[in-house]
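Here the working numbering is used: the first residue of the sequence shown is 1, the next is one more, and so on. Even glycine gets a Cβ: it sits at the ideal position worked out from N, Cα and C. What follows is a short report on a single structure.
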Amino acid sequence: MADPTPLRLLAEDPEDLAVISAALQDAIAKVGEVVFEARARRLTVAFNRFRWEAGQRQRVRAALQLGGVLKVQARRIRRDRRDGVLELLAIGFEPGEAPGGVVTLSFAGGGDLRAQVECIDAVLADVSPPWPTPREPAHEA
C-alpha cells in the first residue's frame, strides 16, 4: 500500500521548483481556483494532484502558493469561465534581476500563467486524504 503521508515541498531555487513541477504534472484545477492577492503578493492555486509517488491511481487535493508575486499575467485562459478546467503540464522559471524572475505555469491547450516574482518562494502542500481515480494521466509519445 502506498504511503498516505501528505506531500509538503518548499522551493527557493530553480532546482527545488523543478521538483514541485514534477509532483504537479497532470494536476487539474478550475480557473476559479486560481487566486492572486495583489496586496499580499501571493498567488494560490488549488489542484487535484495525481499522486505519481503512490504507485497506484490516486489523486489528492493540493495547494500551490507562490510568495513575493509582483504581477500575474494569463494567456489563453478564459477568466470569465470560472469552471473551466486547467491541466498543468509544467512549472518553469526564467531568471530576471536576481533573485527575481518569472515563474510560468504551463497548461495543456497552450494556456499559461506568468507570475513575476521577487524571488522563488513556492510551497506545495497536500490538503486532503488521497482518493482512488479510475484513470492514470497519459501522454502521446
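- Between Q58 and T5, the gap from beta carbon to beta carbon reaches 8 angstroms or more.
- Exclusion of the five residues before and after G67 leaves R41, R42, D121 as the residues of its chain whose Cβ lies within less than 7 angstroms of its Cβ.
- Given a length threshold of 3 residues, each whole run of the beta strand (DSSP E) inside the stretch 24-70 is given here in chain order: 28-30, 34-37, 42-50, 58-67.
- By the C-beta density criterion, S21 is buried, having at least 16 other C-beta atoms within 10 angstroms.
- Annotated three-state conformation of G92 is strand, per DSSP.
- Boundaries of the beta strand (DSSP E) around T104: 101-107.
- Here the C-alpha atom of L17 lies approximately 10 angstroms from the C-alpha atom of L124.
- Sequence-distant partners of F93 (beyond 5 residues in either direction) whose C-beta falls short of 8 angstroms from its own C-beta, in its chain, are P14, L17, G101, V102, V103, T104, I120.
- Counting the other Cβ atoms within 10 Å of the Cβ of D112 gives 16 or more, which makes it buried.
- DSSP places A98 outside both helix and strand once states are collapsed to three, so it counts as coil.
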